[in-house]
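Before any comments, here is the structure.
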Amino acid sequence: MEVMKSDAAQSDSNEAIKHILAERFKTKLCKNFCATGECPYANHCMFAHGNTELRTCRDNIRDGLVTEEAIKAFHHQQAVQRRAMMRIGLTTQYSSDVYRLPASPPTHFGNFIYNDRVL
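The numbering of the sequence shown is full-length UniProt numbering, which starts it at 1 and goes up by one.
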């Protein structure tokens, strides 16, 4: 009988951990990224780097992102996709190891277009 209780307790503990991971993974914006435009955790950050990465707890549960292993596999899949896009010549804002805010859009002055970037 003791074994059944410990198995049930372990199962409850696992479910609690899954729910915590589902609530946390990319459900809030990264404070580092919002403050500086960069994140030291880069591709491995648990927080969203921009509104396009924001997820809900329901999204994470639906997609099975409820364990560390599933999240690592998700990160790996994203890295593979980024490398494939770079190979065919497509660039993304995630092409470097550190996430950065996209460059500001060009400013139009009459017939001239200026950009804040120094070339």
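Note that CB positions come from ideal geometry on N, CA and C, so glycine has one too.
Model, not experiment: these values are computed from the prediction.
>> Suppose you measure from the CA of Leu29 to the CA of Cys39; what does that come to, to the nearest Å?
In response: Counting from 1 along the sequence shown, the entry for residue 29 is found at position 29. Counting from 1 along the sequence shown, the entry for residue 39 is found at position 39. Approximately 11 Å between the Cα atoms of the pair.
> Near Arg24, what residues of its chain come up, given a Cβ to Cβ distance below 7 Å and the 5 sequence neighbours on each side ignored?
Replying inline: For the purposes of this step, residue 24 is taken as the residue at position 24 of the sequence shown. Closer than 7 Å at Cβ, skipping near neighbours: Met46.
> At what residues does the alpha helix (DSSP H) containing Arg55 begin and finish?
Replying inline: Against the sequence shown, residue 55 aligns to sequence position 55. Unbroken run through Arg55: none, as it is neither H nor E.
> Where residue 135 and Thr67 are concerned, what is the direct C-alpha to C-alpha distance, given to the nearest angstrom?
Replying inline: Nothing about residue 135 can be read from this structure; the chain reaches only from 1 to 119.
> Distance, Cα to Cα, Asp63 vs Thr36?
Replying inline: As a first step, residue 63 is located in the sequence shown; it is residue number 63 there, counting from the start. As a first step, residue 36 is located in the sequence shown; it is residue number 36 there, counting from the start. Approximately 30 Å, taken between the alpha carbons.
> The alpha helix (DSSP H) with residue 163 in it runs from where to where?
Replying inline: Residue 163 lies beyond the stretch modelled for the chain, which goes from 1 to 119, so this question has no answer here.
> What are the residues that DSSP puts in a beta bridge with Leu29?
Replying inline: As a position in the sequence shown, residue 29 is number 29, starting the count at 1. As computed with DSSP, Leu29 is found in a beta bridge with Ala48.
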